[in-house]
Each structure stands twice: as structure tokens, then as C-alpha cells.
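These notes concern the structure reproduced below.
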Amino acid sequence: MHGEEVEERIAALGAVRSPGQSAGDTSTLDRAAGRLESAAEALERTGSAQPMLGLMHVEGANNVAGVMGDFISQMRVQRTLDGQPLAGGADHFTIAQGLARAMGVAPEPSDRAPVQGDVARLGLFGDQALKLGLNGTQTAQVVKEVKLTPEGTLRPQTRTELVNQAYSTLNTGWDGAQQAVNALQRAAAMLPTSITARGTVSVPDITVNPQVQVSVSTPERGGLDQTLASQAALAGSQMGAMSSEE
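Each number in my numbering comes from the position in the sequence shown (counting from 1) with 444 added on.
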């Protein structure tokens, strides 16, 4: 993403807020705008960055939760810019590419699933979260509660909030809402504890200017005279030994 495109998206975010959007959606857009502004500043700082093909790896439930949350936030921003509904599922390839971008990796055009391993599990959870209309904060919270607690389940308060949200978002009954949240919890429990994405990463062009300091230490005058005298005595003894042998 170039700096001009980032600025255009920041400007567009302020124009797409409709009167029907909730405070949570507005807050999500505000946070997304803040991230885009930070990205623009980062682009200015790394204007000489060099693209390199490689792997990006994150490990740990907290980091996986953060990546999933960032992906959902970016998807919601993109859908808002495209005039699409915020709630709605996505296929595994779209989710894999979105996760790579959320990790700062640009997938190769021919790489449909730029995430190594566990694409199905990541795709399943991402699809469930998008269908329920979760925002980035909710998504990260779900992953942390399920992966970082001994029970491996959602907190009662979180479950109640999600059931109410599923009831209104999916236009289903309470049983259907409960089943949707149960499916989300199972998908979160199956998430891997690490993600590896492949693609192009911008690496800052760092120039190293070595600084060499030379320190010369000279012996004291008396020490130098003593050293020369010792060397002369040694040379004399060697000459004397050679004469005796002859």
C-alpha cells in the first residue's frame, strides 16, 4: 500500500459513516483510521525499504489472537469502503490472504493460501467470526478466553453478549444463536498456537557506517632502554656461543 492510497483510505473512512451505524462500528472505524494513519507514518519513515521474499512467524495464543483481531478489523474496514455489509462469511483463501496482510506480508499473486499449515482451522474461525459480525476487539477476546483459560470456554458475560449479537445479526432464534456461539467457541479452541505467512516483506534499507578507533600505547623511556639493553645482551650471548662452537 502506497502512501497516497493510505491517505485516500483515511479520508474515505470519514465519509462512509452512515447514520445507522452503532457506536461500536464508529469506534471500530476510528481505530482503523488510527491504524491507517500509523501505517502512513511508518511508510514515510521507511521510504527506502526494500521488498524481500520470505516468511513471517508469530507464536503464542496472545499473538495469534492479535493477528486474528487485526484481520477482522481490516476486513470490516475494507467492506465499509466497498459498501458491503459488515456481517458475512468468507472463504478460506480470502481469510488466509487477509491474515498474511495483517502480519505485514504481501502474498505473491499466484499464492492463494499464503499461510503454512492449518489453513482450514484458521479459515473456519475467521468465517465464523465474520458471520457473527464480530469486530477486531471481540475476535481477539474470544481467542484469548478460549486459549488462555484452563476451562477453554468463554466467560459467561462474553457468551451472553455474543448470543445476543448472533440473535440480531443472523436473524435466527435463540437456539440458533446459542449454536452459532458454540460453533465459534469450538473453532477458537482448534486454532493453532502459531501462524507462518509467506510473501513479500518490506525491510528497511539500513546503511552501517563503521567507526574505527586506533589507540597507540608507547612504553615509558626507561622501559624502552631496558628492553633494548636486554635485546643487545641476548644478541651478544648468541654471538659468543657461535664463536665457541667454531
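Heads up, the beta-carbon is just placed ideally off N, CA and C, and yes, glycines get one too.
Reference residue i; option with closest CA among the options
i	options	result
GLY620	LEU497, ALA546 and LEU576	LEU576
VAL511	ARG556, ALA534 and VAL549	VAL549
LEU574	VAL590, ARG630, ALA610 and GLY617	ALA610
MET500	ILE539, PRO551 and LEU525	PRO551
VAL508	ALA546, SER646 and GLU595	ALA546
THR715	MET634, GLY527 and LEU568	In the structure as shown, the chain starts at 445 and stops at 690, and residue 715 therefore has no counterpart that could be examined.
GLY504	GLY532, TRP618, GLN572 and LYS591	LYS591
GLN572	PRO600, LEU525 and ALA531	ALA531
LEU635	ASP526, GLY596 and GLY527	GLY596
Within 8 Å, strictly: CB atoms of residue i and residue j
i	j	result
LEU614	ALA624	yes
LEU566	LEU598	no
MET496	THR593	no
THR637	GLN560	no
PRO529	ARG520	no
PRO558	GLN541	yes
ALA632	VAL563	no
ALA534	GLY498	no
THR604	GLU589	no
ASP555	ARG642	yes
VAL607	GLN585	no
Residue i, enclosing beta strand (DSSP E) - first and last residue
i	result
VAL502	494-503
N-terminal and C-terminal residue of the alpha helix (DSSP H) that residue i is part of
i	result
LEU628	618-633
PRO594	Segment: none, PRO594 is in no alpha helix (DSSP H) and carries neither H nor E.
LEU576	Looking at the DSSP string, LEU576 is not in any alpha helix (DSSP H), and its letter there is neither H nor E.
GLN601	600-613
Below 8 Å, how does it come out for the region 500-518 and the region 569-584: are there three or more Cβ pairs, yes or no? The region 500-518 vs the region 569-584: in contact.
Ordered list of alpha helix (DSSP H) runs contained in the region 494-555, each at least 4 residues: Those alpha helix (DSSP H) runs which fall completely within the region 494-555 and span 4+ residues are 505-525 and 536-546.
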